[in-house]
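Using our numbering, you'd call the opening residue of the sequence shown number 51 and step up by one each time.
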Amino acid sequence: MLTADGVSPTVASGTVLASLIGFTLLYAALGVVWFLLLRRYVREGVRTQVADVVVDDAARHPGDDDAEALLSFQY
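What follows is the structure, given as structure tokens:
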């Protein structure tokens, strides 16, 4: 397909411009949200918390608390 064949004569140039502006604003807003979330996670750092797991006292071994720690942000 040639570039000249990819142009639609029925679509007005204003419509194309409006869609380009709309997508640009949408992706700019998503970029700002991504940046703010990333900055928040970088500032917080890696924090750990103990999982709410009920373990029988007979089955608990020394050092098990370390194995139950979870990261605050996981993939």
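Even glycine gets a Cβ: it sits at the ideal position worked out from N, Cα and C.
Would you kindly work out how many angstroms separate the C-alpha atoms of residue i and residue j, rounded to a whole number?
i: Val-61; j: Leu-70; result: 13 Å
i: Ala-54; j: Ala-79; result: 33 Å
i: Val-82; j: Gly-64; result: 27 Å
i: Ser-58; j: Trp-84; result: 35 Å
i: Leu-94; j: Leu-88; result: In the sequence as presented, Leu is not what sits at residue 94; that position holds Glu. Going from the Cα of Glu-94 to the Cα of Leu-88 covers about 10 Å.
i: Thr-74; j: Leu-86; result: 18 Å
i: Val-92; j: Leu-76; result: 24 Å
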